[in-house]
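See below for the structure under consideration.
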Amino acid sequence: MKINLDSDAEPRRRPDDLAAEEPLEIRLRKEPLAVTMRTPGQDIDLAMGFLLTEGIIRTADDVLTAQLCAGTDTPNTYNVVDIVLGADVPPPATDVSRNFYTTSSCGVCGKASIDAVRTRSQFDVRTDKTVVAARTLSEIPDKLRAAQRTFERTGGLHAAGLFTADGELLVLREDVGRHNAVDKVIGWALREGRLPLTGHVLLVSGRASFELTQKAWMAGIPVLAAVSAPSTLAAELADEAGMTLVGFLRGPSMNVYSGSERISV
């Protein structure tokens, strides 16, 4: 039922499109590893990106097979991804202090401390000499928004977009979870053999959190931009990693919190 108190029209009933949210269970050799609440679609990329950003795998070659399975639900929902790692890939060390259950709003819920999630990247972002024009940065939010087809219908999804330093949109992913959208982007890049993502910009439609900064670092992304605010931990981690962190990217205005040498005015 649609109610508008600013209108003289009576409340009316009409169909509405809602963003899909379902659980995805990620299994390693049929053993449960993680459950995340996500928007179905690009689930293999999501699982691959998750494994990379959690430091479980380093390259696409670490994965022998990755397949979407029916699981045990009735009717089958295909909400399970089963992954087989190579014999030389160490299994993840999981315990009660490192719980891999995630929600659509938080990707590190249940982990006991920041030390438990501060995964070190295999890529040295400090050596990335990429320079991005501030004018180019100011234009990419509109490009991201124009490509958000599902958001246009539902208004209920976050987006992550990977851009070149010249502002070309390479890939966009939408999800109810901002961390899932980023994992889907990184998983795509991993399968495409593009890592490290030297010379690229990752734009997220919401705020820049610690976990998103960590994920960008794990993929070797030198510039992370957000249309909303960063957190203190995000700014601290970006500075530690040698990343450029941009927040409040709205039209011609933006705040640069770290790595300002990469932004030319």
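Each residue of the sequence shown is one higher than the one before, starting from 1 at the first, in the UniProt record's numbering.
The C-beta atom is built at its ideal place from N, Cα and C for all residues, glycine as well.
Pair within 8 Å by beta-carbon distance, residue i and residue j
i	j	result
Y257	G247	yes
I186	L52	yes
L237	A60	no
R250	P141	yes
V223	T198	no
V125	W188	no
Exposed unless 16 or more other CB atoms sit within 10 angstroms - verdict on residue i
i	result
K129	exposed
K30	exposed
Q42	buried
G177	buried
E211	buried
P90	exposed
N180	buried
Between the CA atoms of residue j and residue i - distance to the nearest angstrom
i	j	result
A219	L162	11 Å
R194	I221	11 Å
R12	T213	43 Å
P70	V171	The question names Pro, yet the displayed sequence has Ala at residue 70. For A70 and V171, the distance between alpha carbons rounds to 28 Å.
A225	V201	7 Å
I3	R14	11 Å
S121	E174	25 Å
V96	A159	Because the pLDDT at V96 is just 41, under 50, the model does not fix this residue reliably, and the value given afterwards should be weighed accordingly. V96 and A159: Cα-Cα distance of roughly 31 Å.
D16	L5	19 Å
V80	E261	43 Å
V131	A208	20 Å
D239	G259	7 Å
G206	R58	27 Å
A229	L203	13 Å
D62	E192	14 Å
residue 285	A234	With the chain covering only 1 through 265, there is no way to say anything about residue 285.
S138	A147	16 Å
R153	S253	28 Å
Y78	E54	23 Å
8 Å CB neighbourhood of residue i in its chain, flanking five on each side removed
i	result
K143	G161, F163, G167 and L169
Cβ-based neighbour list, residue i, same chain, cut-off 7 Å, excluding 5 preceding and 5 following
i	result
A20	T39 and P40
A133	S264
V84	R29, L64 and T65
F151	L157, A159 and E174
Nonlocal neighbours in the same chain, by C-beta distance under 6 Å from residue i, ignoring five residues either side
i	result
I44	A66
I26	L33, A34, A47 and V81
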